[in-house]
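One structure is given here, and the rest of the page talks about it.
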Amino acid sequence: MQRPSSRAPILRIDLAYPLRQLALIRALIRALVLGLALVSLCAAGPLQAQTGPGQGQGGPSDNGGTGRGAGPELRRFGTQPEYIAIGPPAEAPAVVATLQAAGATLVRIRNYPALGLVAHVFVLPPGFSAETARQQLQGVAPGTGFDQHQLYGYAAGSPRLYAGGLVLGNRSGACPVPGGVTIGMIDGPVAAGHPALQGVALRVESLLDKGEGPAGADHGTAVAALMVGRDASGALAGFAPGARLHAVSVFTGRGGDERADVERIAAGLNRLLALDTRGVDMSLAGPANPA
4 MQRPSSRAPI LRIDLAYPLR QLALIRALIR ALVLGLALVS LCAAGPLQAQ TGPGQGQGGP
64 SDNGGTGRGA GPELRRFGTQ PEYIAIGPPA EAPAVVATLQ AAGATLVRIR NYPALGLVAH
124 VFVLPPGFSA ETARQQLQGV APGTGFDQHQ LYGYAAGSPR LYAGGLVLGN RSGACPVPGG
184 VTIGMIDGPV AAGHPALQGV ALRVESLLDK GEGPAGADHG TAVAALMVGR DASGALAGFA
244 PGARLHAVSV FTGRGGDERA DVERIAAGLN RLLALDTRGV DMSLAGPANP A
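Residue numbers (the numbering used here): 4 to 294.
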């Protein structure tokens with residue numbers, strides 16, 4: 004697999020549970036400059052926790068779970084759970100042949116050209132586990148990750164400190180960014196008309212399929228305000244004022260049941276990388292996923 008260019012985005016992921024095992028994230032990390040997103044855009048002091056327009060006065064947050072019981076939530080093909088393989092295109096024929104020989108059914112393919120990856124979604128036959136599939140793929144597709152096609156929720160909890168000492172050094176407050184710099188977020192819909200986002204260079208794009216209902220805009224709007232919000236009082240001021248924000252919506256559902264799957268989160272990363280976005284923020288909660 005070719006390494007991403009040196010202008011690949013710096014990636015910050017707000018996760019209650021690690022997603023670092025995702026193959027698509029591993030592909031980006033090889034090209035990252037170590038540090039938080041935007042560390043290359045301003046000088047290296049404590050940054051105060053910020054609140055934004057969210058559900059209640061607590062504002063946006065990133066330390067919660069999916070709010071469900073034990074076991075991961077899975078995307079389903081009809082009534083059957085889906086499984087997803089993500090890896091380099093060169094390994095795709097071996098992945099498909101190996102799993103189909105074991106009785107798996109290929110239900111969907113999604114390409115991520117900017118990431119140099121491709122996703123294959125399968126339904127497995129009875130008695131054929133994800134662990135067995137991984138073992139069979141190790142020899143023929145070592146660069147491909149495979150696991151259940153899990154669903155992820157919004158990170159939730161109280162506002163956090165953003166390790167400001169690593170970003171702002173002895174300074175306090177925000178990190179002004181040149182107007183030509185674009186940063187990105189992968190989240191839910193954003194209410195572009197919110198007062199904190201007035202005058203912000205904001206582009207909102209949905210990656211939902213036709214007929215899918217979008218999630219509510221509370222969480223996405225709160226995260227957007229934390230990033231680029233404008234507020235003279237400081238209550239809704241963003242961390243990177245002046246930056247352009249490209250917000251990619253990948254969450255569907257309503258009433259506390261908003262979810263995004265691995266396939267669409269990867270599509271969001273692919274989209275932002277293709278646009279040469281310089282920083283990506285994701286505020287997600289969910290289990291680790293080897294894919």
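In this text, a Cβ means the ideal position worked out from N, Cα and C, and glycines have one as well.
Sequence-distant residues of its chain with Cβ nearer than 8 Å to residue i (five each side left out)
{"i": "G90", "result": "A26, V98, L120, V121, A144, G146, T147, G148"}
{"i": "G183", "result": "R247"}
{"i": "A220", "result": "G191, P192, V193, A194"}
{"i": "P116", "result": "N273, A277"}
Length of the line joining the Cα atoms of residue i and residue j
{"i": "A199", "j": "D150", "result": "39 Å"}
{"i": "N292", "j": "L118", "result": "18 Å"}
{"i": "G241", "j": "A225", "result": "10 Å"}
{"i": "R262", "j": "P192", "result": "12 Å"}
{"i": "A294", "j": "D264", "result": "12 Å"}
{"i": "G214", "j": "L272", "result": "22 Å"}
{"i": "H197", "j": "A235", "result": "15 Å"}
{"i": "R281", "j": "A204", "result": "15 Å"}
{"i": "Q83", "j": "G216", "result": "22 Å"}
{"i": "Y155", "j": "A277", "result": "23 Å"}
{"i": "D260", "j": "L77", "result": "13 Å"}
{"i": "H249", "j": "D279", "result": "11 Å"}
{"i": "D212", "j": "L229", "result": "28 Å"}
{"i": "A34", "j": "G81", "result": "With a pLDDT of 33 at A34, under the threshold of 50, the predicted position of this residue should be treated as unreliable, though the coordinate-derived value follows. A34 and G81: Cα-Cα distance of roughly 38 Å."}
{"i": "A88", "j": "V253", "result": "19 Å"}
Close Cβ partners of residue i (< 6 Å) along its chain, the five nearest in sequence each way excluded
{"i": "A270", "result": "L210"}
{"i": "E208", "result": "V251"}
{"i": "A95", "result": "V121"}
C-beta contact flag for residue i and residue j at 9 Å
{"i": "R233", "j": "R206", "result": "no"}
{"i": "F131", "j": "A107", "result": "yes"}
{"i": "T255", "j": "A218", "result": "yes"}
{"i": "Q141", "j": "A105", "result": "no"}
{"i": "N114", "j": "P129", "result": "no"}
Beta-carbon proximity list for residue i, same chain, < 7 Å, skipping 5 on both sides
{"i": "L102", "result": "F125, A136"}
{"i": "L109", "result": "V99, Q103, H123, F125"}
{"i": "A133", "result": "Y86, F149, D150, Q151"}
Reference residue i; option with closest CA among the options
{"i": "A194", "options": "K213, H222, V180", "result": "H222"}
{"i": "I268", "options": "R281, A288, D279", "result": "A288"}
{"i": "I112", "options": "R78, L272, E266", "result": "E266"}
{"i": "R79", "options": "L140, A93, Q138, L127", "result": "L127"}
{"i": "V231", "options": "V253, G202, A220, D212", "result": "G202"}
Neighbour flag for residue i against chain C, beta carbons, 9 Å
{"i": "R281", "result": "No chain C is present in this structure, which holds just one protein chain."}
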